[in-house]
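Below is one structure, written out as structure tokens; comments come after it.
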Amino acid sequence: MNISEIIYHLIFYVFAMLVIGSALVVAFSRNILYSAFALLLTLFGVAGLYVFLQADFLAAAQVLIYVGGILVLILFGVMLTHQISNVNLSNPAVKPWLAGPLVLIILAGLIWIIVKTDWSGPKIWLDLIGSELKILPGPTTQQIGQAIMGKYLLPFEVVSVLLLAALLGAAYLARSRGKSNQ
Amino acid sequence: MLFDFANVLVFILIGLLFVFFTLVFSWMVRPHKPDKDKASTYECGERPFGSAWVQFNIRFYVIALIFIIFDVEVLLLFPWAVVFQTLPRGVALVEVLIFIGLLLIGLAYLWKQGDLEWVKTIKKDDE
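Heads up: the sequence lines are chains H and R, in that order.
Per this note's numbering: the first sequence = residues 1 to 182.
Per this note's numbering: the second sequence = residues 1 to 127.
Shown next, in the form of structure tokens:
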């Protein structure tokens, strides 16, 4: 194991611990705002893990959409909560008999995916670190761009319609609530 | 690609070190003489009263929602921008103009309906 592999592993485990640790804070924090802020680290750490999976576009998307957008939305959602000072318990376990099996099913599904997935991609990358950096697979953004401008052009345009529907739907929902509040 | 993201990591580390150094250095050199006013929440020279937990206006949420929609749009424009040089110019331009145009119609509609305005306009709608 040469020095670059050790650094590679070290950075990976730092990101993995960042994700798991902050996810635990999200789950167990008594203050809902602390949970929301811990989610920032979780989502950012997941972006780092995407980089390790060679998914550079997905990592950028994670930072841009989730860290930059969804998290702001969640924070606004927290701050919009009615009588926020009374909401101290972030996760009251209302129905453990329902949540328990559900979590176990999701866990089984995740383990199944982990076992079934071919992880050779990142392994190839790891093998190449010491020797030839130029034969690493290139950025995925260009391939995605060629795909959405060629073969997947119609889905690309349909996404625009989907976003349009989301835009109008969001504004409609917020508008009707705004009126009922008065 | 690994090197590119190593650059990003270096920037993140420098940012963290910058904050860490600033806090630790000021912690080492500053005198420690707290009193009641210093220990209270900074409120631009006013005495803070009430709780910091106030219910935000719903308008913030709408703006954030609309922001995310256009966030996704900008993200999808990145792959297009990367391959723009390799494609026939007119075709790529038209494809993206349709993509942006559809969302611009939505934005224009919201603007006209007053969803982007502050609360005042909503009251006008109710009349």
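Glycine is no exception: its CB is placed at the ideal position from the N, C-alpha and C atoms.
Small disclaimer: the values here were computed from a predicted structure and weren't measured.
Within 9 Å (strictly less), CB to CB, does R:Ile-14 reach chain H?
-> no
Interface partners of H:Gln-142 on chain R, CB under 7 Å = Result: Val-82, Val-83.
Short CB-CB distance (under 9 Å) between R:Gly-106 and chain H | yes
From R:Glu-95, R:Tyr-61, R:Leu-116, residue whose alpha carbon lies closest to that of H:Phe-156 | R:Glu-95
Below 8 Å on the Cβ atoms is my guess for R:Phe-67 versus H:Gly-69; work out the distance and round it to an integer in Å.
-> 6 Å
Should H:Val-67 and H:Phe-44 be called a contact, given that it needs their Cβ atoms to be closer than 9 Å?
-> yes
Would you check if the segment 140-160 of chain H and the segment 76-90 of chain R touch, i.e. whether three or more CB-CB distances between them fall below 8 Å?
-> yes
Can you list the residues of chain H that R:Asp-35 reaches, using a CB-CB cut of under 8 Å?
-> Those within 8 Å of R:Asp-35 in chain H number zero; the least Cβ separation is about 27 Å.
Does DSSP put R:Asn-7 in a helix, a strand or coil?
-> Assignment of R:Asn-7 by DSSP, reduced to helix, strand and coil, places it in the helix class.
Who are the near neighbours of H:Val-26 in its chain, counting only those whose CB is closer than 7 Å to its CB and skipping five residues on each side?
-> Ser-35, Ala-38, Leu-39, Thr-42
Start-to-end residues for the alpha helix (DSSP H) that takes in H:Gly-68 | No alpha helix (DSSP H) holds H:Gly-68; DSSP gives it neither H nor E.
For H:Ala-61 versus R:Asp-115, is the C-beta distance shorter than 9 Å?
-> no
With 16 other Cβ atoms within 10 Å as the buried cut-off, status of H:Gln-54 | With 16 or more Cβ atoms within 10 Å of its Cβ, H:Gln-54 is classed as buried.
Per-residue DSSP class, three states only, for R:Ser-51 | coil
Under the assumption that R:Val-83 contacts H:Ala-171 (Cβ atoms under 8 Å), give the Cβ distance between them as a whole number of angstroms.
-> Actually they are not in contact, since the Cβ atoms of R:Val-83 and H:Ala-171 sit about 33 Å apart, beyond 8 Å.
What span of residues does the alpha helix (DSSP H) with H:Ser-29 cover, start to end?
-> The continuous stretches of alpha helix (DSSP H) do not include H:Ser-29, and DSSP gives it neither H nor E.
Same chain, Cβ closer than 7 Å to H:Leu-18, five either side skipped, listed in chain order | Leu-41, Gly-45
Is any beta-carbon of chain R found at less than 9 Å from that of H:Glu-157?
-> yes
Per DSSP, what kind of secondary structure is H:Leu-22 in: helix, strand or coil?
-> Correcting the residue identity first, residue 22 of chain H is Ser in this sequence and not Leu. DSSP places H:Ser-22 in helix when its eight states are reduced to three.
From H:Leu-149 to H:Ser-160, what does the alpha carbon distance come to, in whole angstroms?
-> With the sequence shown as reference, residue 149 of chain H is identified as Met, and Leu is not the correct amino acid for it. Spanning the two alpha carbons is a distance of roughly 14 Å.
Can you tell me which of R:Ile-69, R:Glu-73, R:Ser-40 puts its alpha carbon nearest to the alpha carbon of R:Gly-50?
-> R:Ser-40
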